[in-house]
Amino acid sequence: MILYTLRRLAAVIGVLTAVAAVTFTIFYVLPSDPAAAACGKACSAERLAAIRTHMGLDQPLWRQFWDFVSGIFTGRTVGSGQYALQCHFPCLGYSYENSEAVWDLLTDRLPVSASLAVGAAALWLALGLGAGTVAALRKDTVTDRVLMVGAVGAASMPVYFTAMMLIYGVVRVAGLLPYPQYVPFGDDPGRWASNLLLPWLALAVLYAAMYARQSRSSMIETMAEPYIRTARAKGLPRRTVVVKHGLRAGMTPILTLFGMDLGGLLAGAVITESIFGLPGVGRLFYGALSTGDQPVILGVTLLAAAFIVVANLAVDLLYAVVDPRVRLR
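Residue numbers (my numbering): 332 to 660.
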């Protein structure tokens, strides 16, 4: 297990390095020039050259990439002369728009995105697994058909549509909740939850529908396994057969999906954060795309890749806990 974990960690480093290299290459071939954007319209050639030197854009691509990667682990000096800035570990560079450290921008926004992702994940996992399991245990009944038709309908609704309907119905018409405004958990846990409930629901509706369909298929297949029939023949209670033997084994494919979905959302849900006005990583990424802020875009991309590969590593390690059959392979 230790060797397996070390190999996977090495693969994580390789994946992140490849993501950084590809992103760097894409920005290098783009026609946009961040130095020209920072300099403004009335910019002399000398001023433009000075800004390019300050940003390090006058260096070859391999040197820029090496400075970036090495700076993540050791820190680096950004710029030169009187405008030089010391970027401490872990250095992801400075924003072209406001000269703030990218790492500071990410850490400021990450609690918002993490609160949104974790809360929504708990909802969609409970709703999706619950609906899928009930549908599987009542296969080909009215309950099964109603749940699956509902899941198909929910899966067909985009997040922005669900979010707007929730805002209109719950906030404007019924007045049951205030318009979402992020409140840190440490300041007021009650307001934190009430302000995030609608964004949680907007995400959970879509994901729960997909998880319900997947968990239904997985549970139907699992409940037909020989060891399930053996457990029933031994006279074990139905609850024990379903939960301990069926649900645990049937969760294996769900864990894979959950790791990827949660890892991606931790790096920001662009549409949901934008509609509800949440100052998360997703909105930061959208703003950086709009202005061509390359260091911020690269930082968010690496953050998203890191969350996804780490989440998949955690899922692989959890397989043996959820499904004992994996330990025998």
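By construction, the Cβ of each residue, glycine as well, lies at the ideal position given by its N, Cα and C atoms.
The beta carbons of leucine 588 and glutamine 545 sit closer together than 8 Å. Taking C-beta atoms under 8 Å as the contact rule, alanine 351 and phenylalanine 399 qualify, at a distance of about 7 Å. For glutamine 545, the enclosing alpha helix (DSSP H) has its first and last residue at 520 to 554.
A distance of 8 Å or more separates the beta carbons of leucine 649 and alanine 448.
Going by beta carbons, serine 444 and glycine 613 fall inside the 8 Å limit. By the C-beta density criterion, histidine 419 is exposed, having fewer than 16 other C-beta atoms within 10 angstroms.
The beta carbon of tryptophan 397 is closer than 6 Å to none in its chain, skipping five residues each way along the sequence.
Here tyrosine 425 has Val409, Leu416, Cys418, Glu431, Ala432, Val433 and Pro626 as same chain residues with Cβ atoms under 8 Å from its own Cβ, once five neighbours each way along the sequence are excluded.
Contact between the stretch 450 to 457 and the stretch 615 to 624 is not established, with fewer than three Cβ pairs separated by less than 8 Å. Segment contact: the stretch 491 to 505 against the stretch 517 to 536, three or more CB-CB distances shorter than 8 Å; contact assigned.
Within the same chain, Cβ atoms closer than 6 Å to the Cβ of alanine 485 are found at Val536 and Ala540, the five residues on either side in sequence being excluded.
Bounds of the alpha helix (DSSP H) holding valine 490 are 490 to 497.
Distances from the alpha-carbon of glycine 406 to those of Ala600, Cys422 and Trp393 put Cys422 closest. Following the DSSP letters along the chain, one finds leucine 615 inside the alpha helix (DSSP H) bounded by residues 612 to 622.
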